[in-house]
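These notes are about the structure you will find just below.
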Amino acid sequence: MQFINMRELSRFPSKYVKIANEKDDIIITKNGHPYALLSKINDDDLEEYILAKHLDLEIEFDLAKDEYTAEKTTNIHNLINKAA
Numbered sequence: 026m027q028f029i030n031m032r033e034l035s036r037f038p039s040k041y042v043k044i045a046n047e048k049d050d051i052i053i054t055k056n057g058h059p060y061a062l063l064s065k066i067n068d069d070d071l072e073e074y075i076l077a078k079h080l081d082l083e084i085e086f087d088l089a090k091d092e093y094t095a096e097k098t099t100n101i102h103n104l105i106n107k108a109a
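Under the numbering used here, the residues of the sequence shown are numbered 26 to 109, in order.
Following this line, the structure appears as structure tokens:
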């Protein structure tokens, strides 16, 4: 893990994105305190990351699945026909 300050990141952003992608996570500091994390992510990890960081989305997905299973959803074609 590497620590850099905001100024260093703003001077060499490509360098640090490459390091984060190929080697190690980077902690970005601001005024001497941890501020952000620069870390590698790939397609396989993206969905897992989003769900972990946004638990409300997982709850919404579960509610939507329950509604669908209970046949409480409306088909898009029915909505279009009602609007016409």
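The beta-carbon is built from N, C-alpha and C at its ideal position, and this holds for glycine as well.
From residue i to residue j, what does the alpha carbon distance come to, in whole angstroms?
i   : j   : result
H58 : F37 : 20 angstroms
Y41 : K90 : 41 angstroms
E47 : K65 : 8 angstroms
T54 : Y60 : 5 angstroms
Taking the beta strand (DSSP E) that residue i falls in, what are its first and last residues?
i   : result
T54 : I51 to K55
H58 : H58 to L63
T30 : According to the sequence provided, residue 30 is Asn. The question's Thr does not apply to it. Here the beta strand (DSSP E) through N30 covers Q27 to N30.
Excluding sequence positions up to five away, which residues of its chain have a Cβ less than 8 angstroms from the Cβ of residue i?
i   : result
L82 : I75 and L76
E92 : T98
E85 : none
Check for me: the alpha helix (DSSP H) holding residue i runs from which residue to which?
i    : result
F37  : Unbroken run through F37: none, as it is neither H nor E.
I75  : D68 to K78
N103 : I101 to A108
Here's a check: name, in chain order, each residue in its chain whose Cβ is nearer than 7 angstroms to the Cβ of residue i, leaving out the five neighbours to either side.
i   : result
D49 : M26 and Q27
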